[in-house]
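In the working numbering, the protein residues as written are 558 to 940.
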Ligand SMILES: *Cc1c(COP(=O)(O)O)cnc(C)c1O
């Protein structure tokens, strides 16, 4: 019998490998929570907030229920609402603009930079002008650290300062990354992240956190986190949410944060190896000098003439999964089509949505598996 045995598919992300590495640490941490029974606001939540503050250098950390809540809570604490404009990139995960609309304000979509996929400061300036022409009060901007690479924070901050608006950094994919030697978490008035399992630092369910150096904002966020509570528990002073991170997830994250710096290094080795093996056949992602990406995704761009669906199918046949982030920019999606976009449009976002495709990326991708991915990509581009 000449049976051809296919190797197992390469995992797109590998949460199992990380779990094996951590051994019994997480089991023990979770068991502790099961034994003390403080499932809400247990000691692990406070401990995690302190550990995260030490990790990124932010003065205040408010753990919460998801990355989406983290973003929304900042807008709520800052009283963003009807008539207000918040500038967002269109090429991002939908939550970035969704929270603006949920707060009752208007997301105004601007374009991204072709090399980094992150917010283009020139488009941001034009978007602010567009928002003003529409009679909106421009209040904030949400740069996104897309796919793990820090946004152009100095450029965004300069525009924000000139306009007197605040910056909310959507670091759901970028937490752990470094911008000019600083970890994300202190580069904006507030930084939001997500601990969804597939993010670089993920828990075993939903979770998120907000980072800020502003004590008043931190206090307002803690109030929003629990239904807008004031000092008198039954006199709520604002609208809020059930926005807490549960103790079990905090216990998991405390253990995972210990190995996170090492995982960031491993992800960067994987990215370097991809770049070396692929840069002559596809557009590999560019990291700006001075930045360290945390590689939430490894997103390549296909050359003109390569059909993306056929490419994905060819890789799948070789046991290599792919994913498309994002096939539609926000301004092209049904729920967001009616919101304003920057004058002149968003040609880069629209181009990217056509030709990007993500390859498997995680800290436990060994050289042999990676070579399979590289070979599959090279074969598919050439055929
Ligand atoms: C994942 C993600 C979010 C939302 O995080 P959740 O924890 O899933 O709510 C927000 N923004 C971006 C850019 C994301 O990738």
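Here a beta-carbon is modelled for each residue, glycine too, at the ideal position from N, C-alpha and C.
beta-carbon residue i near ligand 1 non-hydrogen atom, thresh 7 Å
i: residue 813; result: no
i: residue 709; result: no
Residues bridged to residue i (per DSSP)
i: residue 811; result: Answer by DSSP bridge pairing: none, since residue 811 is not bridged.
i: residue 902; result: Per DSSP, none; premise fails for residue 902.
i: residue 690; result: Note: residue 690 sits in no beta bridge, so no partner.
i: residue 724; result: 698
Local conformation of residue i per DSSP, three classes
i: residue 866; result: helix
i: residue 704; result: helix
i: residue 818; result: helix
i: residue 804; result: helix
i: residue 774; result: helix
i: residue 642; result: strand
i: residue 757; result: coil
i: residue 715; result: helix
i: residue 1007; result: No information on residue 1007 is available, as it lies outside the stretch 558 to 940 that the chain covers here.
i: residue 680; result: helix
i: residue 647; result: coil
i: residue 509; result: For residue 509 there is no data in the structure shown, the boundaries of the chain being 558 and 940.
i: residue 768; result: strand
i: residue 914; result: strand
i: residue 559; result: Below a pLDDT of 50, predicted positions are generally treated as unreliable, and residue 559, at 46, falls in that range; the measurement from the model is reported next regardless. Coil at residue 559, not helix or strand.
i: residue 858; result: strand
i: residue 795; result: coil
i: residue 617; result: strand
i: residue 664; result: strand
i: residue 568; result: coil
Of the residues the options, the one placed nearest residue i, counting alpha carbons only
i: residue 803; options: 662, 752, 654; result: 752
i: residue 655; options: 832, 892, 745; result: 892
i: residue 932; options: 766, 838, 882; result: 838
i: residue 723; options: 776, 771, 739; result: 771
i: residue 938; options: 809, 903, 927, 869; result: 869
i: residue 603; options: 658, 620, 590; result: 620
i: residue 747; options: 577, 913, 921, 616; result: 616
i: residue 940; options: 867, 793, 638, 567; result: 867
i: residue 914; options: 920, 902, 872; result: 872
i: residue 599; options: 912, 586, 633; result: 586
i: residue 813; options: 754, 776, 798, 662; result: 754
i: residue 827; options: 918, 563, 792; result: 918
i: residue 678; options: 694, 699, 757, 635; result: 699
i: residue 731; options: 641, 684, 674, 575; result: 674
Residue-chain proximity (residue i, chain B), Cβ-Cβ < 8 Å
i: residue 871; result: In the structure shown, chain B cannot be found, because there is only a single protein chain.
- Task: Can you list the residues near ligand 1, meaning Cβ strictly closer than 6 Å to any non-hydrogen atom, in the order they appear in the chain?
- Result: 623, 624, 625, 649, 650, 652, 653, 701, 727, 729, 730, 751, 753, 763, 765
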